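**Q** Handing you a structure now.
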Amino acid sequence: MPRSLPIDTNNLALWLLALALPLALIAALVSGPVSIDLAAALQQGWRGDGSDAVILWQLRLPRALLAILIGAALGMGGAAMQGMLRNPLAEPALLGVSSGAALAAILLLYYGLAWQSGWLLPVLAIVGAFVAVACVWMLAGRGASASRLVLAGVAINAFLSALMALALNYAPSMFAMQEIVFWLLGSLANRGWDQLLLALPFILAGAVLLFSARNYLRALSLGEASAASLGFRGHRYPLLVLLGIAAAVGAAVAVAGTIGFVGLVVPHLVRPLVRQDPGRLLWASALAGALLLLLADILVVNFVGAQELRIGAVTAFIGAPFFFWLIVSARRGQGS
Amino acid sequence: MEVTCENLGLERHGLKVLRDIRCVFKPGELTAVVGPNGAGKSTLLEILAGVLVPSSGRLTFDSRDAEKLPAAQRAQICAYLPQAETPAWSLSARDLVALGLLPWGRRGEDAERIARALKTVDAQPLASRPVTQLSGGELRRVQLARLMVGDAPLLIADEPTAALDIRHQLQLMHSFRQQADAGKTVLLALHDLALAARFCDRVLLLQDGHLRAQGAPEDVFTPALIGDVYGVSCEFRWRNGVADFVPLDLL
Amino acid sequence: MAGQFGFTCRLRICWPRHVPVDGLRRRLSAQNDKLSMILLLRPFFFLLLLVVAPTISAESRVASLNLCIDQVLLNWVAPQRIASVTWLSGDEHYRKAPLPEHVVLNRGRAEELLRLHPDLVLVGQYGAQRAAKRLRELGLRVVDIPDAYSLAQLVQQLDALQQALGDNSALAAQRRRLQQLLAESAVPGGASALILSANNITYGSGMLESQLLERAGFENLAARDGAGQLRRVSLEEVVAAQPDLLVLYGGDDEFALAHLAERHPVIRRYVDSGRVFTLPAELGFCPVLVAADVLQQLKEKRESLASKSSDRHQ
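Protein chains in written order, with the numbering used here: chain A, 15 to 350; chain B, 2 to 252; chain C, 297 to 610.
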């Protein structure tokens with residue numbers, strides 16, 4: 015049947031994405047500023063003391079896995095946010111999740127808490143994300159429309175950004191502006207297993223929450239009233255989604271700063287591949303987000319320059335042209 | 002599914018949008034809810050569909066309290082199509098109809114059911130089209146297929162015929178008639194009194210949030226009552242059970 | 297702003313030590329205190345100066361328009377000879393020595409110093425040049441002190457300071473000590489070192505830090521790669537280079553993302569085995585203050601490393 019053909023090519027594309035991820039992981043492990051003897055590193059194993067083994071197991075592997083994890087969290091969070099707000103221009107940061115998490119992390123890190131302090135950092139970052147979302151929720155009013163939520167999100171976001179800048183300006187760190195840029199553009203540099211293990215449980219929990227809300231997101235493609243009549247009534251489901259986004263994106267922000275564009279572009283990119291289904295879009299976006307961020311980080315790692323290339327700048331460089339293309343193709347579609 | 006409304010009322014921002022609605026909808030009945038704009042038709046349907054929670058009174062499905070039913074179970078009882086439903090994503094018509102099966106969460110025979118539902122509304126050729134590219138009437142038909150695709154014994158549609166041409170209006174009313182004849186309880190908010198008079202067993206006439214009259218179309222659609230509620234002088238002519246409704250002028 | 301006061305930002309990309317205050321409130325109140333103290337006590341300073349002035353020789357009252365010269369004055373010159381230092385020295389981040397109460401903090405404006413009638417104004421090579429020119433025109437004695445970016449320039453800077461300030465035993469001792477350390481034949485190489493500063497920056501052969509390492513008998517691995525100035529060094533490169541000594545800069549207790557590399561577990565191995573040396577932050581903005589100490593400590597570190605490795609070999 016010719017009609018089933020596009021579905022097959024879509025599935026093929028998803029399989030290719032899934033296949034590309036391990037390949038990109040291998041690329042991330044073999045590339046870097048130092049060329050290492052991979053065979054020797056593998057032979058020495060996990061606990062190897064040689065520099066090749068340390069570079070592979072303690073530096074490249076956790077960083078690549080963290081890129082995958084955070085990319086997945088951002089992609090999935092973006093898909094969920096777009097689904098919940100029924101708006102293709104929504105991104106996970108829209109309702110203050112990222113700035114709330116970043117502000118909490120900044121207050122924690124700069125005012126007397128070490129990075130190694132275990133679970134406290136992601137927990138409080140997620141708490142920050144929740145507080146931000148709760149503020150948005152309350153500002154918009156119970157059961158508010160999506161547009162009012164977005165409006166409240168913009169307001170809370172602006173306020174949180176100002177608080178972030180203020181907190182960093184008064185932080186003991188002398189170079190507040192630089193630190194603000196670090197947080198706003200995100201980075202995976204110098205991260206290790208610590209940060210990966212901190213973020214992992216929260217991102218997994220967020221993924222489980224979002225996955226359990228997939229049918230709600232599907233029903234929401236018809237609108238809120240129809241979704242309610244299909245059995246998705248009350249505040250339970252939107253809270254489930256917000257909880258999932260706050261957990262996954264909050265943890266990602268806590269360890270890597272706010273990396274933009276992934277949550278916005280990736281769901282756009284893969285939506286045709288899942289026939290616009292907001293449910294399947296969740297994991298497809300997670301997959302594509304992981305791949306995108308890993309590729310961006312490979313670029314960052316191998317970039318030669320006096321300063322590290324910021325991964326947020328790379329994702330924006332990938333994201334912005336995509337939007338140009340989107341606009342141009344929409345114009346062409348209108349025949350004007 | 003016998004639906005009973007006992008003194009249903011809804012207050013919103015201190016305003017009584019709906020008060021004291023008392024009525025029963027029986028299986029096999031096709032009921033039209035009519036009334037002027039703002040009379041509370043959509044509000045009543047939203048309460049029945051579980052979108053709104055009544056602030057007073059009681060709603061029962063087969064003598065079970067509707068508000069105490071779990072949301073998932075209630076969704077299996079009642080299918081609802083709101084007045085304006087804009088799909089957020091350009092799903093294919095087939096995928097949109099499939100969303101009507103969400104309360105049952107089943108697979109397998111789905112494709113067949115969806116095809117059947119699309120056929121009921123004369124929309125099989127649209128199956129693979131993205132819903133965002135459909136015309137208003139085409140989209141409405143696909144949405145009605147979504148309404149009918151499941152097993153819900155109670156069907157509620159808010160102005161289902163609004164965007165449809167005369168052929169599809171008639172076709173649609175015939176299929177609602179069939180659903181009712183098959184034992185379902187069907188409730189439609191309608192503006193077209195002639196369609197209501199011709200196809201429906203019962204009519205609910207709402208005015209300013211309260212139930213002005215209910216009963217068979219012949220009993221409700223009298224020039225005096227319509228003139229009073231709508232402020233319009235009109236004429237009803239009955240020929241072989243088909244009502245001809247002619248609005249004449251403003252009163 | 298800092299440049300205006302002769303804090304020439306030699307380490308612009310790097311990250312000097314943080315202000316050792318740990319909270320918003322403390323920092324705020326400290327600044328308020330300072331401000332109100334200055335505002336309230338300013339009239340009394342003048343009274344004090346009027347009383348004290350006759351007892352001090354007319355030649356001796358010195359004002360500084362440069363952060364590093366501030367430190368030299370505060371550390372090595374008698375407090376009553378100091379008339380004014382820059383406002384940056386009011387911050388404990390830059391200052392180790394106590395700040396005498398009568399010393400006025402200036403913001404690099406000529407009129408501020410004019411009112412104090414200093415006998416000598418010291419100004420850095422860069423920064424506050426307009427104020428210096430103005431003061432010169434008004435007949436004050438203004439002396440340029442060259443900045444120091446190498447060991448040789450350090451000695452020159454000490455000479456210039458001595459010339460301007462006259463006989464000063466602390467300065468002379470410092471100069472003697474430095475020259476003595478430089479005269480000692482460099483310990484033959486064999487141990488390697490690599491600097492890992494904030495933002496993954498390392499120091500190449502042309503930098504003072506590198507010279508100090510080499511003088512202490514270390515081979516600077518960043519210089520071996522041909523790096524002349526500052527260069528980015530990833531953790532991977534640090535691990536691959538396997539330096540015998542890892543040199544951190546301005547060891548910091550405060551958190552900053554810029555310092556994340558130093559907190560990475562792969563660095564812990566160096567910390568655990570005692571193969572880490574932390575350069576004081578002063579080396580970044582006023583090397584003359586600490587260069588001799590650092591060189592001495594590096595030499596000691598080199599010897600302890602050598603004895604450790606010979607222990608291991610036995």
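We put the beta carbon where it would ideally sit given N, CA and C, even for glycine.
The structure displayed is predicted, hence computed values, not measured ones.
1) Measuring alpha carbon to alpha carbon, tell me which of 346(A), 272(A), 336(A) and 344(A) ends up nearest residue 171(A).
2) Can you tell which of 30(A), 22(A), 42(A) and 49(A) has its C-alpha closest to the C-alpha of residue 534(C)?
3) Who are the Cβ neighbours of residue 448(C) in its own chain at under 6 Å, not counting the five residues just before and after it?
4) List the residues of chain B whose Cβ lies closer than 9 Å to the Cβ of residue 291(A), in chain order.
5) Looking only at its chain, what residues have a beta carbon closer than 7 Å to the beta carbon of residue 108(A), apart from the 5 residues adjacent to it on each side?
6) Give the straight-line distance between the Cα atoms of residue 237(B) and residue 228(A), rounded to the nearest whole angstrom.
7) Answer yes or no: does any C-beta atom of chain B fall closer than 8 Å to that of residue 100(A)?
8) Would you check if the distance between the CB atom of residue 77(A) and the CB atom of residue 202(A) is smaller than 8 Å?
9) Can you list the beta strand (DSSP E) stretches of 3 or more residues lying completely in the segment 42-73 of chain B, in chain order?
10) Using a Cβ-Cβ cut-off of less than 9 Å, give me the residues of the segment 506-535 of chain C that come near chain D, in sequence order.
11) Residue 5(B): which of 24(B), 15(B) and 19(B) sits nearest, CA to CA?
12) At a Cβ cut of 7 Å, what residues of the segment 167-197 of chain B count as close to chain A, listed as they run along the chain?
13) Taking the straight line between their C-alpha atoms, what separation do you get for residue 85(B) and residue 293(A)?
14) Quick one: Cα of residue 110(A) to Cα of residue 330(A), how far?
15) Between residue 556(C) and chain A, is the shortest Cβ-Cβ distance under 8 Å, so that the two count as touching?
16) Which bits of chain A does residue 584(C) rub up against, with CB to CB less than 8 Å?
17) Taking contact to mean 3 or more Cβ pairs, one atom from each stretch, closer than 8 Å, check whether the segment 516-535 of chain C and the segment 493-508 of chain C are in contact.
18) For residue 30(B) versus residue 162(B), is the C-beta spacing smaller than 8 Å?
19) Is there a C-beta anywhere in chain A that falls below 8 Å from the one on residue 552(C)?
20) Between residue 235(A) and residue 81(B), is the Cβ-Cβ spacing less than 8 Å?
21) May I have the straight-line CA-CA distance separating residue 112(A) from residue 250(A), to the nearest angstrom?
22) For the putative contact between residue 82(A) and residue 532(C), defined by C-beta atoms under 8 Å, what is the C-beta separation to the nearest angstrom?
23) Just list the alpha helix (DSSP H) runs in the segment 103-153 of chain A, keeping only unbroken ones of 4 residues or longer that don't cross its boundaries, in chain order.
24) Contact criterion: CB-CB distance below 8 Å. Does residue 87(B) meet it with respect to chain A?
25) Taking the C-alpha atoms as reference points, what is the distance between residue 584(C) and residue 64(A)?
26) Does residue 274(A) come within less than 8 Å of chain C when only Cβ atoms are used?
27) Residues of chain A with CB under 7 Å from residue 572(C), in chain order?
28) My parser needs the alpha helix (DSSP H) runs of 4 or more residues fully inside the segment 191-261 of chain A; what are they?
29) Nearest to residue 80(A) by CA position, among 162(A), 174(A), 265(A) and 123(A), is which residue?
30) Do residue 181(A) and residue 121(A) have their CB atoms nearer than 8 Å?
31) Shorter than 8 Å from the beta carbon of residue 113(A) to some beta carbon of chain B?
32) Quick one: using the 10 Å Cβ neighbour count with 16 as the cut-off for buried, is residue 239(B) buried or exposed?
33) Under 7 Å Cβ to Cβ from residue 456(C), same chain only, skipping five residues before and after it: list those, please.
34) Identify every run of the beta strand (DSSP E) within the segment 396-480 of chain C, keeping only runs that are complete inside it and at least 3 residues long; order them along the chain.
35) Could you tell me how far apart the beta carbons of residue 587(C) and residue 508(C) are, in whole angstroms, since I believe they sit closer than 8 Å?
36) Taking C-alpha atoms, which residue in 131(B), 130(B), 137(B) and 173(B) lies nearest to residue 149(B)?
**A** To lay it out plainly:
1) 272(A)
2) 49(A)
3) none
4) 90, 92 and 96
5) 95, 164 and 167
6) 51 Å
7) yes
8) yes
9) 57-62
10) You won't find chain D in this structure, because its protein chains are A, B and C.
11) 24(B)
12) none
13) 23 Å
14) 19 Å
15) yes
16) Neighbours of residue 584(C) on chain A: none; closest Cβ ~22 Å, over 8 Å.
17) yes
18) no
19) yes
20) no
21) 22 Å
22) Contact doesn't hold; Cβ gap of about 19 Å is too wide.
23) 111-124
24) yes
25) 39 Å
26) no
27) None at all; the shortest Cβ gap to chain A is about 16 Å.
28) 207-226, 228-234 and 238-243
29) 265(A)
30) yes
31) no
32) exposed
33) 441 and 442
34) 400-402, 416-419 and 438-440
35) 7 Å
36) 173(B)
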